[in-house]
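Enquirer: Below you'll find the structure I mean.
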Amino acid sequence: MTEKTLDPLAKLLQEVFGYTDFREGQRETIESVLRNKRTLAILPTSSGKSLCYQLASYLLPGQTIIVTPLISLMEDQVSRLRQLGEKRVTAIHSQMSFQTRQRIFSQFQQYKFVFVSPELLVQDWFKEQAKKGKISLVVVDEAHCISQWGIDFRPDYEWIPEFLKELDSSVKVLGLTATATQKVMEDIESTLFHQQACHLIKQSSDRQNIAYQVVETEDKTAYLKQFLSQHPGPGIIYFSSKKEAERICTLLQEETELAVSYYHGDLSNQERLVVQQQFLHQQLHVLCATSAFGMGIHKEDVRFVIHYHLPSSVEAYVQEAGRSGRDGKQSLALLLYRPQDEHIHYHLLEQLIKEKEGMAYLLKQPEETWQQYLPKLSSLQQKWLTGYTHQRYSKETLMAGLEQKISERTRHIQDMLTYIHLTTCRRKYLLAYFDSESEGQVSICCDHCGLEDLELETVPVFPRSPLEFSKDWQETLKKVFNQRE
Amino acid sequence: MTDDINIYILSLFHPKNKQRSSSVYQILRGKKTASTLSFCLFHHLWSGFQLFPYLSVEAYEQRLAELKAKGYLVADEADGKYLLLSQAGQACLLEHPFWMAFSKEVDHFSYGVAGPLFLERLLFLSQVISELSYQSKQYEPITSEEEQLFWVKQWLAKTKVSKEGLISNFYTEWQKLLEQLADSQRQRLVSLLTGHHKIGTTYYQLQQMYHWSEFQRIAYKIYDCQQIIHLIKTSEDFPLFASVLASIPKQTISKSAQLTYNYVEQGLDSVSIQRLRQIKPSTVQDHLIEAAVLLDDFSFDACLDKQVVLQLETYEKKQPQIIEWQFKQVQGFDESISFLEVRLYQILKVKQYDRENFRPTS
Numbered sequence: 001m002t003e004k005t006l007d008p009l010a011k012l013l014q015e016v017f018g019y020t021d022f023r024e025g026q027r028e029t030i031e032s033v034l035r036n037k038r039t040l041a042i043l044p045t046s047s048g049k050s051l052c053y054q055l056a057s058y059l060l061p062g063q064t065i066i067v068t069p070l071i072s073l074m075e076d077q078v079s080r081l082r083q084l085g086e087k088r089v090t091a092i093h094s095q096m097s098f099q100t101r102q103r104i105f106s107q108f109q110q111y112k113f114v115f116v117s118p119e120l121l122v123q124d125w126f127k128e129q130a131k132k133g134k135i136s137l138v139v140v141d142e143a144h145c146i147s148q149w150g151i152d153f154r155p156d157y158e159w160i161p162e163f164l165k166e167l168d169s170s171v172k173v174l175g176l177t178a179t180a181t182q183k184v185m186e187d188i189e190s191t192l193f194h195q196q197a198c199h200l201i202k203q204s205s206d207r208q209n210i211a212y213q214v215v216e217t218e219d220k221t222a223y224l225k226q227f228l229s230q231h232p233g234p235g236i237i238y239f240s241s242k243k244e245a246e247r248i249c250t251l252l253q254e255e256t257e258l259a260v261s262y263y264h265g266d267l268s269n270q271e272r273l274v275v276q277q278q279f280l281h282q283q284l285h286v287l288c289a290t291s292a293f294g295m296g297i298h299k300e301d302v303r304f305v306i307h308y309h310l311p312s313s314v315e316a317y318v319q320e321a322g323r324s325g326r327d328g329k330q331s332l333a334l335l336l337y338r339p340q341d342e343h344i345h346y347h348l349l350e351q352l353i354k355e356k357e358g359m360a361y362l363l364k365q366p367e368e369t370w371q372q373y374l375p376k377l378s379s380l381q382q383k384w385l386t387g388y389t390h391q392r393y394s395k396e397t398l399m400a401g402l403e404q405k406i407s408e409r410t411r412h413i414q415d416m417l418t419y420i421h422l423t424t425c426r427r428k429y430l431l432a433y434f435d436s437e438s439e440g441q442v443s444i445c446c447d448h449c450g451l452e453d454l455e456l457e458t459v460p461v462f463p464r465s466p467l468e469f470s471k472d473w474q475e476t477l478k479k480v481f482n483q484r485e
Numbered sequence: 001m002t003d004d005i006n007i008y009i010l011s012l013f014h015p016k017n018k019q020r021s022s023s024v025y026q027i028l029r030g031k032k033t034a035s036t037l038s039f040c041l042f043h044h045l046w047s048g049f050q051l052f053p054y055l056s057v058e059a060y061e062q063r064l065a066e067l068k069a070k071g072y073l074v075a076d077e078a079d080g081k082y083l084l085l086s087q088a089g090q091a092c093l094l095e096h097p098f099w100m101a102f103s104k105e106v107d108h109f110s111y112g113v114a115g116p117l118f119l120e121r122l123l124f125l126s127q128v129i130s131e132l133s134y135q136s137k138q139y140e141p142i143t144s145e146e147e148q149l150f151w152v153k154q155w156l157a158k159t160k161v162s163k164e165g166l167i168s169n170f171y172t173e174w175q176k177l178l179e180q181l182a183d184s185q186r187q188r189l190v191s192l193l194t195g196h197h198k199i200g201t202t203y204y205q206l207q208q209m210y211h212w213s214e215f216q217r218i219a220y221k222i223y224d225c226q227q228i229i230h231l232i233k234t235s236e237d238f239p240l241f242a243s244v245l246a247s248i249p250k251q252t253i254s255k256s257a258q259l260t261y262n263y264v265e266q267g268l269d270s271v272s273i274q275r276l277r278q279i280k281p282s283t284v285q286d287h288l289i290e291a292a293v294l295l296d297d298f299s300f301d302a303c304l305d306k307q308v309v310l311q312l313e314t315y316e317k318k319q320p321q322i323i324e325w326q327f328k329q330v331q332g333f334d335e336s337i338s339f340l341e342v343r344l345y346q347i348l349k350v351k352q353y354d355r356e357n358f359r360p361t362s
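Laid out in structure tokens, this is it:
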């Protein structure tokens with residue numbers, strides 16, 4: 001590549017995004033998208049994956065469709081692009097009203113960026129619009145969903161290849177993910193790209209400024225309080241239940257001096273954004289969150305990510321832990337473990353096995369009798385059955401897929417437990433897990449390599465009490481609407 | 001110690017008008033039938049409509065048992081399925097004025113969904129206008145929902161006043177609104193506001209700060225929305241806020257019932273409507289009851305014969321407790337009167353009474 005062709009990228013980077021340098025992997029990904037038909041980019045968390053397709057899109061003539069697994073993530077990306085001054089951006093998902101969709105479709109071709117949820121890709125009305133539009137690029141964000149969440153969680157992702165087949169052959173495809181083992185990578189290549197050659201960009205998943213620690217304790221809250229008295233944040237504590245996030249949040253509010261709030265899927269869109277803004281703008285020390293918080297949220301100075309519960313997989317753990325230290329400063333990924341924490345995951349696994357067995361029983365019954373079983377089926381079983389009746393897979397494929405899913409889930413729990421009980425370097429384990437290599441010697445690595453020198457910079461936080469606004473409500477109101485006497 | 005949910009359930013009962021406990025349950029679950037809607041109107045239970053959509057019969061019965069054990073609710077002597085509020089129950093409610101006000105003033109049927117959506121729009125619009133007042137274009141909106149973003153754009157485009165006028169008028173409406181609210185509500189609403197250099201708070205955060213129960217958090221939010229809506233609807237001081245409210249459809253009559261009622265307005269009788277719409281006579285009856293309960297301008301004249309009204313007025317003199325009328329007893333008085341006519345007459349009279357006594361009907 002010559003200097004002449006490189007220049008437009010750097011120029012655009014500065015003009016549109018305000019950055020002077022690319023992060024590692026970004027330039028390679030953009031260049032690959034511009035040159036090749038198929039690209040798979042595996043870039044670590046906080047590497048700026050979104051910028052790759054955004055910048056590439058500006059150098060392509062047509063529209064970019066971005067398939068995104070979560071509505072919240074989709075809406076966040078739309079907001080971020082709008083803040084960059086891009087008005088030709090929209091999102092379409094199944095929770096939108098018919099009128100809103102109609103309005104978007106009436107001006108579909110005017111959008112440069114269209115974010116869609118995967119389930120829409122099989123809808124005829126969407127396919128019609130997509131064919132009418134001038135699509136240059138389809139981005140599959142969080143491409144590991146094809147493999148990791150597979151048949152039970154995101155069957156919708158399996159519809160992407162079918163959708164791609166219906167588009168013009170010149171349309172480029174970019175798969176983006178932060179967490180892909182060799183197996184997942186192969187899954188993506190075979191499912192998304194039909195085994196056709198794709199250009200692979202893979203950056204090391206080593207986040208050198210993140211130290212890893214596991215603490216085994218019977219009293220997690222006592223440990224948390226002690227930890228927070230030394231490291232006030234900003235930090236995120238992840239929970240696997242909304243109730244626990246709320247409970248610990250209340251406890252920390254009452255028993256520490258810190259400003260703590262919680263964030264989970266029961267909050268409305270507006271409530272989530274308000275809490276998010278409080279956290280981003282240094283009004284909260286700690287956020288107690290479920291996995292609903294994270295994807296697409298960019299707070300640079302998160303000093304620690306604590307897992308209060310056992311994550312469901314190493315992939316999920318690395319994704320969430322990677323939300324610390326985006327600014328490159330020393331950060332910590334701490335996992336609190338109490339023996340038997342894994343029971344909840346085994347319990348969920350048992351449920352899945354029961355559902356699979358129930359499904360196997362149903363499939364053996366004459367099809368005309370299935371109707372009577374429908375009310376008794378779980379939502380997951382109903383999804384499986386719908387897939388089968390829509391001829392997306394055979395009985396054999398479905399059952400084999402479920403078997404595979406169960407063994408993968410079992411392996412995920414075991415891998416997490418292996419990580420917890422390691423007696424050797426945790427970073428090396430994580431790097432090996434993702435077939436990645438270290439980028440060099442890390443001075444503050446993990447609890448087994450020694451964390452004596454670990455210091456987490458304290459970021460000033462300025463909590464705002466709701467009461468301070470309400471004491472002199474007239475003054476507050478005047479300030480809000482810039483009214484002077 | 002009686003929890004908030006029990007206090008609220010208690011507030012739904014009356015010391016004189018006995019109520020069937022299972023009907024109250026259907027209202028709390030939100031069963032939208034002609035019968036529950038009439039019951040809601042007769043006993044003024046709009047605050048409870050669909051307030052607990054997932055409440056199980058067992059949990060509800062357990063709560064009633066607790067209230068009975070404390071002597072707050074007593075079973076009617078003639079029929080144990082009917083309950084009355086006892087003197088002890090009344091005394092208990094007097095110690096909880098918020099729940100009495102909530103029960104009396106909230107219309108969860110019409111605004112259960114529309115109220116919170118209205119408040120979210122009002123808060124979002126407040127942020128937009130606050131940023132506009134500082135000429136700031138670079139800010140993070142407190143919504144990322146495409147529908148809300150589109151709505152605000154449209155709302156601003158339709159506003160005919162100048163930018164300065166809009167900011168000033170909007171500020172004045174907030175000021176007038178807050179002036180008319182109680183201190184505690186004012187505190188809540190001011191803290192919710194997000195604007196230039198001010199990030200608001202959430203009801204969840206207020207719950208934690210004030211140590212509310214989960215139900216209190218839900219109820220305060222509903223009550224705040226209801227109070228604002230009430231002020232906006234009963235005053236001409238809030239044209240901008242009223243236009244926000246107008247953008248949100250409140251729950252009202254079902255489409256099917258509306259269609260039936262349209263035919264009535266066109267002068268068609270029940271038999272013709274049944275034939276035209278291919279529906280059962282009982283369905284037409286249900287549709288008309290629904291329309292009579294929910295439509296402010298329902299034409300009783302079109303459905304109730306003058307002679308029937310005169311007959312029922314005579315019966316009313318003998319049995320003035322209209323809401324306790326049993327159809328069989330009315331038939332004993334005049335067997336030519338139909339169930340629909342009796343029910344429509346009851347609705348007509350209850351609505352008249354509510355209007356005269358300034359009680360909101362849904």
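Heads up: the sequence lines are chains A and B, in that order.
The UniProt record's numbering applies: residue 1 is where the first sequence begins, and numbers increase by one.
The UniProt record's numbering applies: residue 1 is where the second sequence begins, and numbers increase by one.
We treat Cβ as the ideally placed atom computed from N, Cα and C, and that holds for glycine.
(1) If you draw a straight line from the alpha carbon of Q285 of chain B to that of A302 of chain B, how long is it in whole angstroms?
(2) Alpha carbon to alpha carbon, how far is H211 of chain B from R464 of chain A? Give it in angstroms, no decimals.
(3) Could you name each continuous alpha helix (DSSP H) segment of 4 residues or more that falls completely within the segment 228 to 281 of chain A, going from the start of the chain to the end?
(4) Can you give me the C-alpha to C-alpha distance between V342 of chain B and Y72 of chain B, rounded to a whole angstrom?
(5) Using a Cβ-Cβ cutoff of less than 8 Å, which residues in the same chain neighbour K220 of chain A once the five nearest sequence positions on both sides are dropped?
(6) Name the one or two DSSP bridge partners that F115 of chain A has.
(7) Hey, is P239 of chain B's beta-carbon within less than 9 Å of any beta-carbon in chain A?
(8) Can you pull the DSSP bridge partners for A41 of chain A?
(9) Can you give me the C-alpha to C-alpha distance between Y353 of chain B and G48 of chain B, rounded to a whole angstrom?
(10) I want to verify the contact list: residues of chain B whose CB lies under 9 Å from the CB of T290 of chain A, in sequence order.
(11) Among A:S436, A:Y317 and A:F279, whose alpha-carbon lies nearest the alpha-carbon of I306 of chain A?
(12) Return helix, strand or coil for I151 of chain A, following the three-state DSSP convention.
(13) My understanding is that R323 of chain A touches T45 of chain A, with C-beta atoms under 8 Å, so please give their C-beta distance in whole angstroms.
(14) Please identify the residue among A:E158, A:I146 and A:I135 whose C-alpha is closest to the C-alpha of S169 of chain A.
(15) Of all the CB atoms in chain B, is at least one closer than 9 Å to the CB of R426 of chain A?
(16) Please report whether the beta-carbon of K225 of chain A lies at a distance below 9 Å from any beta-carbon of chain B.
(17) Threshold first: 4 residues or longer. Then list the alpha helix (DSSP H) segments lying entirely within the segment 174 to 209 of chain B, N to C.
(18) Would you kindly check if the distance between the Cβ of S436 of chain A and the Cβ of K183 of chain A is under 9 Å?
(19) Excluding the five sequence neighbours on either side, which residues of its own chain have a C-beta within less than 8 Å of the C-beta of Q319 of chain B, listed in chain order?
(20) Could you check how far apart the C-beta atoms of R326 of chain A and H298 of chain A are, in whole angstroms? I think they sit under 8 Å.
(21) When DSSP labels each residue in this structure, what does L287 of chain A get in the three-state scheme?
(22) Check for me: the beta strand (DSSP E) holding S331 of chain A runs from which residue to which?
(23) Does chain A have any CB closer than 9 Å to the CB of G195 of chain B?
(24) Give me, in chain order, the residues of the same chain whose beta-carbon lies closer than 8 Å to that of I146 of chain A; leave out the 5 immediate sequence neighbours on both sides.
(25) Please name the residue in A:P311, A:Y361 and A:L402 whose C-alpha comes closest to that of I413 of chain A.
(26) I need the DSSP call for Q213 of chain A, collapsed to helix, strand or coil.
(27) How many Å lie between F339 of chain B and S282 of chain B at the Cα?
(28) How big is the Cα-Cα spacing for H14 of chain B and D124 of chain A?
(29) Could you give the DSSP three-state label for F298 of chain B: helix, strand or coil?
(30) Would you identify the three-state DSSP class for Q11 of chain B, choosing helix, strand or coil?
(31) State the Cα-Cα distance for the pair G150 of chain A and A143 of chain A, rounded to the nearest angstrom.
(32) State yes or no: is the C-beta of G48 of chain A within less than 9 Å of the C-beta of R23 of chain A?
(33) With 9 Å set as the bound, which would you pick, yes or no: does the beta-carbon of V274 of chain A sit closer than that to a beta-carbon of chain B?
(34) CA-CA distance, L60 of chain A and H199 of chain A?
(35) Does N6 of chain B come out as helix, strand or coil in the three-state DSSP assignment?
(36) Cutting at 8 Å between CB atoms, please list the residues of its own chain near Q109 of chain A, excluding the five before and the five after it.
Expert: To lay it out plainly:
(1) 14 Å
(2) 18 Å
(3) 242 to 255 and 269 to 280
(4) 33 Å
(5) Y308, L336 and R338
(6) A:I66 and A:A91
(7) no
(8) A:L176 and A:I201
(9) 21 Å
(10) Those within 9 Å of T290 of chain A in chain B number zero; the least Cβ separation is about 13 Å.
(11) A:Y317
(12) Here the model assigns I151 of chain A a pLDDT of 38, short of 50, so the residue's position is not dependable, and the following value carries that caveat. It is helical.
(13) 7 Å
(14) A:I135
(15) no
(16) no
(17) 183 to 192
(18) no
(19) W325 and Q329
(20) 7 Å
(21) strand
(22) S331 to Y337
(23) yes
(24) V140, R154, Y157, E158, I160, D187, I188, T191 and L192
(25) A:P311
(26) strand
(27) 10 Å
(28) 55 Å
(29) coil
(30) Note on identity: in this sequence residue 11 of chain B is Ser, with Gln being the wrong assignment. Helix at S11 of chain B.
(31) Interpretation of G150 of chain A is limited by its pLDDT of 40, a score under 50 that renders its predicted location unreliable; no figure is taken from the coordinates.
(32) yes
(33) yes
(34) 18 Å
(35) helix
(36) Q63, K132, G133 and K134
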